[in-house]
Every structure is written in structure tokens, then in C-alpha cells.
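Trainee: The numbering of the sequence shown is my numbering, which starts it at 875 and goes up by one.
A virtual CB, placed ideally from N, CA and C, is assigned to each residue, including glycine.
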Amino acid sequence: MTTELRVYLLIEDLQRQFAAYLATPTRARGYPPFEGQHAMIVEVAPGLAIERVIDLALRAVPGVEPGILFVERQFGVLEVHSSDLAEVRRAGAAVLDGIGAAETDRLRPKVLYQDVIEDLTDQHAVIINRNRQASMVLPGETLLVYEVTPALFAALAANEAEKAAPDNTLVDVQMIGAAGRLYLSGSTGSILKARDAITEALDGLEGRSHG
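1. When the distance is taken between beta carbons, is residue 916 closer than 7 Å to residue 938?
2. Compare the C-beta of residue 1069 against all C-beta atoms of chain B and say whether one is closer than 7 Å.
3. Would you check if the distance between the CB atom of residue 927 and the CB atom of residue 881 is smaller than 7 Å?
4. Closer than 7 Å by C-beta to residue 951: which residues in its own chain qualify, once you throw out the five before and the five after it? Chain order, please.
5. Considering Cα atoms alone, identify which of 933, 920, 1020 is closest to residue 1071.
6. Nearest-angstrom Cα distance between residue 905 and residue 1033?
7. Taking residue 989 as the reference, which of 1059, 962, 1012 has the closest Cα?
8. Three or more beta-carbon pairs under 8 Å between the segment 1033-1043 and the segment 990-998, yes or no?
9. Which stretch, first to last residue, makes up the beta strand (DSSP E) that contains residue 1051?
10. Helix, strand or coil: which one does DSSP assign to residue 892?
11. Could you say which of 1010, 973, 1002, 985 lies nearest to residue 1077 if we only look at CA atoms?
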């Protein structure tokens, strides 16, 4: 049966806040990654095809560790990581070869929405913090919200944003589902720097158009 490659994403040099988030996902727990490691994230359809994907990766490179294995309604998601970038690349190559796909067969990221909200009100901060999966946003900070599809590209967005402006606070990442969402807070200057880094990283990815 044909396996559709939706996302193939190599994330080099996991940043501190994003690595901590990946180590404690709310819906799928595996081997936790650490700051400075490298990750490969794959999404395929049908969902159960992800079991073949993880088998391909781990048989080819037993040294990589799976952090997330998740089967949702339509798609399957896998994240593996290692301190050895070459190992992660080999695992990814084994997956692509095994399902007969190329990296550029993935979907191109599509930005659905982005906004920068300055001087966040206290009530707004409170209600965001009740739903967060990472650190807290504080009143008076500037908030970046960013939405992209497929959802897993929010992972790249979070890591690239932290590389560009590590002083920002990672408030929330939603990277599984219909769309990926990222919440970042900090000073206006740092938030704008992070936003521009996200846009540049997403624009630089090749892939097929959304049908």
C-alpha cells in the first residue's frame, strides 16, 4: 500500500526550551531528548503506516531514540533524536528509501496566521497560562502567535525562534493536529527577531503544494 509523506523535518541543535518541551509531551511520551541533540520528525498517511516508518528507522540505526510515536485520526507522527547528526540523517534516509519517497515529496509549510500583540493585558496572560504546555507569559510582555500547516512545522518554528532570540519565553507549542500553533513572549525587539527567523526558515523549505 502507498504511504504518503506529509512531513519530513530535520531539526539540528535542539534548543534548551524546545528540548524541554519535547521531553514532556502531553500526548505521546518516549525517550526524552536533550539540548544540543538533533531530531528527525516524520508525518505520514495513513496513520498506522508510522509503525513501518519507526521500524525502518530503528532497524537501520538502532542508536537513535524515539521520543514521539503518535497515531491520530488520519496521520502518524514519529520523532527520533540522537547526539550524532549523522545517525539522525541515516535514519531519515532509511525511512525515505523504505517508503519510496524523497524529502521534497513532503508538503510545503503553509502559514495560516501570525500576529504580534504588544503590552499583553493581565487577564489575557492569565487565560493563556491556563492552557499553556510550557512556560508562563507575563502581563506587559509582547506575545507572538504563529499558526502553520502541517502542524509539525510548528516544531521547526519553535526551535528556530529560540536560536534567533533565546531570551524569549516558549509559552506553548501545538505540533500535532490539523494546524500547528506557537506562542512566544518577550520584548518586542526579540519577538520580531524570532518571527522573522521563523518566516525565513519556513520559506526555505521545499515541498509539494497543498491540494
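Mentor: Looking at the atomic coordinates:
1. no
2. Going by chain labels, chain B is absent from the structure shown, which holds only one protein chain.
3. no
4. 917, 924, 942, 944, 1026, 1050
5. 1020
6. 19 Å
7. 1059
8. no
9. Looking at the DSSP string, residue 1051 is not in any beta strand (DSSP E), and its letter there is neither H nor E.
10. Residue 892: helix per DSSP, three-state reduction.
11. Minimum Cα distance to residue 1077 is reached at 985.
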